Amino acid sequence: MPEIIEQEEKIWNPRYLKPEERGLTRELYHAVFAEDTERFVDYYYQYKIRNNAILVLEEEEKIISMLHLNPYTMIVNGYEFPCNYIVAVATDPDYRHQGCMRALLERALNDMADRKMPFTFLMPASESIYAPFDFVWICPFTELPMRVSRMNADGQNRYLASHYQMFCKRTENYMENLAAEKKAEEGEIASDKMPPFMARITDVCGMLSLACGRQDQELYLQIKDPIIGKNNGYFQWKISGEQSTAVKLSGKPEYVDLELTIGELASMIFEGFHICLTEVV
1 MPEIIEQEEK IWNPRYLKPE ERGLTRELYH AVFAEDTERF VDYYYQYKIR
51 NNAILVLEEE EKIISMLHLN PYTMIVNGYE FPCNYIVAVA TDPDYRHQGC
101 MRALLERALN DMADRKMPFT FLMPASESIY APFDFVWICP FTELPMRVSR
151 MNADGQNRYL ASHYQMFCKR TENYMENLAA EKKAEEGEIA SDKMPPFMAR
201 ITDVCGMLSL ACGRQDQELY LQIKDPIIGK NNGYFQWKIS GEQSTAVKLS
251 GKPEYVDLEL TIGELASMIF EGFHICLTEV V
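Taking the UniProt record's numbering as reference, the numbering of the sequence shown is continuous, increasing by one, and the terminal residue is 281.
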């Protein structure tokens, strides 16, 4: 009987590129996102990589997989905090189905948890890719009224704050990027063809603190998260119409009101938000 040789699973070591290295990902971007026009790719590499973070895997000094974290300031119920938009997740075809994306996502999610970012979001190519990592649907791509899109940053922020509970804050840099993006797109990307957004909780206490309730409540939760260890455990969640607070407990409470996976918790909380997301990258 022939000997059965089991192939060892490769252990990947993701690293963040230095600012001067980020342009090296353009070759992989072209290879995987061939549908993007050269003008749009020029825009992306001129504007978006200036202040983003790019996590990569390398083999023989070649970038074979990448994940971009594009920074935004998110506003939820009046609270402002940094939030990463995950984009340009790509793997060289020769290295697919070898755990590359999992290695990048797990590293990125845990790093965001360490920074106490409440959640991250993305626009998926397919739900089946991200659902196993507990990403859940949160909202459709939003088309702002023409009169609003013509407003300056302050005007848009006032409009969004009066109509939505969750949106990306408009800043001078945001508006500069948006103008360049629209010029690069030249109407080629129709909003009605844009897929909806998914999100993933990265810090349970931070996420719970963003929610508000119609009546005062105190709940004890048990959360299960297979990727971010610190999200596992028991939490005390105090909710009011004005604000919420959450703390992780050192042990099991006398009773537990809800036992939830991290994905179930995300669905429960985001379902209560009126959300506006208009960002492409």
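All C-beta atoms, glycine included, are put in the ideal place defined by N, C-alpha and C.
This one's a predicted model, so the numbers in the text were calculated from it and none came from an experiment.
Buried/exposed call for residue i, threshold 16 Cβ in 10 Å
i, result
"Met-146", "exposed"
"Pro-253", "exposed"
"Gln-215", "exposed"
"Leu-249", "exposed"
"Tyr-255", "exposed"
"Pro-118", "buried"
"Asn-231", "buried"
"Ala-88", "buried"
Inter-residue Cα distance where the pair is residue i and residue j
i, j, result
"Leu-69", "Ala-53", "5 angstroms"
"Val-247", "Thr-278", "32 angstroms"
"Glu-38", "Lys-48", "15 angstroms"
"Pro-196", "Tyr-174", "21 angstroms"
"Glu-80", "Glu-35", "35 angstroms"
"Met-123", "Ile-86", "8 angstroms"
"residue 309", "Lys-116", "With the chain covering only 1 through 281, there is no way to say anything about residue 309."
"Leu-17", "Asp-134", "26 angstroms"
"Gly-263", "Ala-113", "15 angstroms"
"Ala-266", "His-274", "14 angstroms"
"Lys-169", "Ile-75", "6 angstroms"
"Leu-178", "Thr-202", "27 angstroms"
"Thr-261", "Gln-222", "8 angstroms"
"residue 366", "Glu-176", "There is no way to answer for residue 366, as the model of the chain reaches only from 1 to 281."
"Ser-126", "Pro-132", "12 angstroms"
"Val-204", "Phe-167", "20 angstroms"
"Arg-31", "Pro-140", "Reading the sequence as shown, one finds Ala at residue 31 and not Arg. Rounded to whole angstroms, Ala-31 to Pro-140 spans 28 angstroms at the Cα level."
"Ala-211", "Tyr-220", "15 angstroms"
"Leu-57", "Arg-150", "41 angstroms"
"Asp-257", "Glu-21", "49 angstroms"
"Phe-40", "Tyr-159", "28 angstroms"
"Gln-236", "Leu-208", "10 angstroms"
"Arg-96", "Trp-12", "13 angstroms"
Residue i: first and last residue of the uninterrupted alpha helix (DSSP H) it sits in
i, result
"Gly-155", "153-163"
"Ala-180", "172-185"
"Phe-33", "No alpha helix (DSSP H) contains Phe-33, which DSSP labels as neither H nor E."
"Gly-263", "262-270"
"Met-146", "146-149"
"residue 287", "Since the first residue of the chain shown is 1 and the last is 281, residue 287 is not available in this structure."
"Tyr-130", "127-130"
Host beta strand (DSSP E) of residue i (start-end)
i, result
"Phe-122", "The identity of residue 122 in the sequence shown is Leu, whereas the question assumes Phe. First-last of the beta strand (DSSP E) with Leu-122: 119-122."
"Ala-108", "Careful: Ala-108 lies outside any beta strand (DSSP E), inside the alpha helix (DSSP H) at 100-114."
"Ala-199", "197-201"
"Cys-168", "166-168"
"Val-56", "53-59"
"Thr-245", "244-248"
Which listed residue (the options) has its alpha carbon closest to that of residue i
i, options, result
"Asn-84", "Lys-48, Phe-121, Glu-59", "Phe-121"
"Lys-62", "Gly-78, Val-41, Arg-26", "Arg-26"
"Ser-244", "Leu-265, Gly-206, Gly-263, Lys-252", "Gly-206"
"Arg-107", "Met-66, Met-198, Ser-149, Trp-237", "Met-66"
"Ile-227", "Leu-55, Leu-104, Ala-31", "Leu-104"
"Ile-129", "Arg-150, Cys-100, Asn-110", "Cys-100"
"Pro-14", "Met-194, Thr-91, Tyr-159, Phe-235", "Thr-91"
"Met-268", "Gly-155, Leu-144, Arg-200", "Arg-200"
"Tyr-164", "Phe-270, Val-281, Gly-229", "Phe-270"
"Glu-59", "Gly-155, Asp-94, Glu-259", "Asp-94"
"Glu-259", "Ala-161, Tyr-234, Glu-186", "Tyr-234"
Own chain partners of residue i with C-beta closer than 7 angstroms, once the 5 adjacent residues on each side are dropped
i, result
"Pro-71", "Asn-51, Asn-52, Pro-82, Asn-84"
"Thr-142", "Cys-276, Leu-277, Thr-278"
"Trp-137", "Pro-196, Met-198"
"Gln-98", "Lys-10"
"Gly-272", "Ala-211"
"Tyr-44", "Val-281"
Spatial neighbours of residue i in its chain, beta-carbon cut-off 6 angstroms, leaving aside the 5 residues before and after
i, result
"Ile-239", "Gly-213, Gln-217"
Same chain, Cβ closer than 8 angstroms to residue i, neighbours up to 5 away in sequence not counted
i, result
"Leu-24", "Leu-17, Ile-63"
"Ala-153", "Arg-170, Thr-171, Glu-172, Tyr-174, Met-175"
"Asp-42", "Ala-184"
heavy atom of the ligand SAM below 6 angstroms from residue i C-beta
i, result
"Lys-193", "In terms of ligand content, the structure shown is empty, and the ligand SAM therefore cannot be addressed."
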